[in-house]
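Undergrad:
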Amino acid sequence: MDSAPIRLTEYSHGSGCGCKIAPGVLEKILKTEIPQAPFPELLVGNQSKDDAAAFDLGNGTSVLSTTDFFMPIVDDPFEFGRIAATNALSDIYAMGGKPLMAIAILGWPIDKLPPEVAQRVVEGGRSACADAGIPLAGGHSIDAPEPMFGLAVTGLVENRFLKQNNTASSGCQLFLTKPLGIGILSTAQKKKLLEDDHSRIAPDTMCQLNKIGSELAQIEGIEALTDVTGFGLLGHLSEICEGSGISAMVDFDSVPTLPHTHTYLDLGCSPGGAQRNFDSYGDKIGDMSDRQRSLLCDPQTSGGLLAVVRPEALEEFHQCAKAHGLELQPIGETIAATNPLIQVR
Numbered sequence: 005m006d007s008a009p010i011r012l013t014e015y016s017h018g019s020g021c022g023c024k025i026a027p028g029v030l031e032k033i034l035k036t037e038i039p040q041a042p043f044p045e046l047l048v049g050n051q052s053k054d055d056a057a058a059f060d061l062g063n064g065t066s067v068l069s070t071t072d073f074f075m076p077i078v079d080d081p082f083e084f085g086r087i088a089a090t091n092a093l094s095d096i097y098a099m100g101g102k103p104l105m106a107i108a109i110l111g112w113p114i115d116k117l118p119p120e121v122a123q124r125v126v127e128g129g130r131s132a133c134a135d136a137g138i139p140l141a142g143g144h145s146i147d148a149p150e151p152m153f154g155l156a157v158t159g160l161v162e163n164r165f166l167k168q169n170n171t172a173s174s175g176c177q178l179f180l181t182k183p184l185g186i187g188i189l190s191t192a193q194k195k196k197l198l199e200d201d202h203s204r205i206a207p208d209t210m211c212q213l214n215k216i217g218s219e220l221a222q223i224e225g226i227e228a229l230t231d232v233t234g235f236g237l238l239g240h241l242s243e244i245c246e247g248s249g250i251s252a253m254v255d256f257d258s259v260p261t262l263p264h265t266h267t268y269l270d271l272g273c274s275p276g277g278a279q280r281n282f283d284s285y286g287d288k289i290g291d292m293s294d295r296q297r298s299l300l301c302d303p304q305t306s307g308g309l310l311a312v313v314r315p316e317a318l319e320e321f322h323q324c325a326k327a328h329g330l331e332l333q334p335i336g337e338t339i340a341a342t343n344p345l346i347q348v349r
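No gaps in the numbering here: position 54 of the sequence shown is 58 in this note's numbering, and each next residue is one more.
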């Protein structure tokens, strides 16, 4: 009897948010010429490429609704479920809301992997929901060729605290609450190049809930908020810039990275998703070195929040960050609209 441990990443062609359809392709999929019925209560929908939909209840609050799922980015089933759930919950926090409940989405190759492994995946998702203070209230499963897991999450937000990704202006500073490099370290793991001492760096980061988002949203001077996931930092920043009619400057040396990220980048561990990302929006970005492109386009799974902060709100922003154990430095600034959309210096 084969007692070798199951490596979930060997059962999927992609991993984590790197599984996302490239931004340019997704734009074509969502494009429609069919007239859409007006829904005045729908405050946020597909038009702004935001993190979650927001539906006004008419009492000063809105329901937030989002879904996110992907294929394994780690081998351990429990940890995969926990990361996938944490990533899905992030969309609610990025809109300034608080999650209420979640339902699970499970695809499983029942002819290849035993149900006990899927059970551990769901348990990991339930653990993340418990940390967020919400129930995993149900779900749906299908027999699929590759394992995948995620959540559909419902949340609430006060309308006055609702944060979007198309409401930024020039003259603000940019902050990132988690370091980049998750895609690079995860690729090193999949290539079996990751040293044992480095094995916890990416998973521990991916399991950190972005709860700070619901508190940052209460700071009036934070003009826009989004989470950095599969499209990479530059992809999500470009959505802010295009939606808001502005541009941005990114200070590459100020962008935080996970320990040893550059070492594994030198070993050729840039994921294919980074190149797909650049192919989709690279024409909007100024000149970059190969290293800058690999890092700033690196697809993040359960990445941090990208905040656009007005100068007068910086003190309150830093106080909130410190309360969550974060010492954050600006990674760039927003500027008046120009070409290219984003410059890296």
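Yeah, the Cβ is synthetic: ideal placement off N, Cα and C, and Gly gets one too.
Note that the structure is predicted; figures quoted are calculated from it, not measured.
Counting only runs of 4+ residues fully inside the segment 53-115, write out the alpha helix (DSSP H) ranges in chain order.
TA: List check, alpha helix (DSSP H) in window: 81-98.
Undergrad: Tell me the DSSP secondary structure of residue 201 in three-state form.
TA: Correct three-state label for residue 201: helix.
Undergrad: With DSSP run on the structure shown, which of helix, strand or coil describes residue 148?
TA: It is coil, neither helix nor strand.
Undergrad: Could you work out which residue in 288, 299 and 260 is closest to residue 274 when comparing CA atoms only?
TA: For the residues 288, 299 and 260, the minimum Cα distance to residue 274 belongs to 299.
Undergrad: Give me the Cα-Cα distance between residue 259 and residue 182, rounded to the nearest whole angstrom.
TA: One C-alpha to the other measures close to 10 Å.
Undergrad: Is the beta carbon of residue 99 less than 8 Å from the beta carbon of residue 68?
TA: Taking 8 Å as the Cβ cut-off, residue 99 and residue 68 qualify as a contacting pair.
Undergrad: From the DSSP secondary-structure annotation, give me the bridge partner or partners of residue 253.
TA: DSSP, once it has assigned bridges, lists 337 and 347 as partnering residue 253.
Undergrad: Mind reading off the beta-carbon distance from residue 93 to residue 213? Whole number of angstroms is fine, and I expect it under 8 Å.
TA: Between residue 213 and residue 93 the Cβ distance is about 6 Å, and since that is below 8 Å, they are a contact.
Undergrad: Flag this pair as yes or no: are the beta carbons of residue 252 and residue 338 separated by less than 8 Å?
TA: Contact flag set, yes.
Undergrad: Hey, residue 312 and residue 228 are a contact pair by Cβ (cut 8 Å); roughly how many whole angstroms apart?
TA: Sure, about 4 Å apart at Cβ, within 8 Å.
Undergrad: With distances taken between CB atoms, is the gap from residue 160 to residue 101 smaller than 8 Å?
TA: Yes, they are a contact pair.
Undergrad: Which residues does DSSP list as the beta-bridge partners of residue 247?
TA: Bridge partners of residue 247: none, in fact.
Undergrad: So, with DSSP's three-state summary, where would you put residue 231?
TA: Correct three-state label for residue 231: strand.
Undergrad: Whole-angstrom Cβ separation of residue 345 and residue 248, contact assumed at under 8 Å?
TA: Not confirmed; about 11 Å, so no contact.
Undergrad: If we call anything under 8 Å between Cβ atoms a contact, is residue 16 one with residue 76?
TA: Cβ atoms of residue 16 and residue 76: closer than 8 Å.
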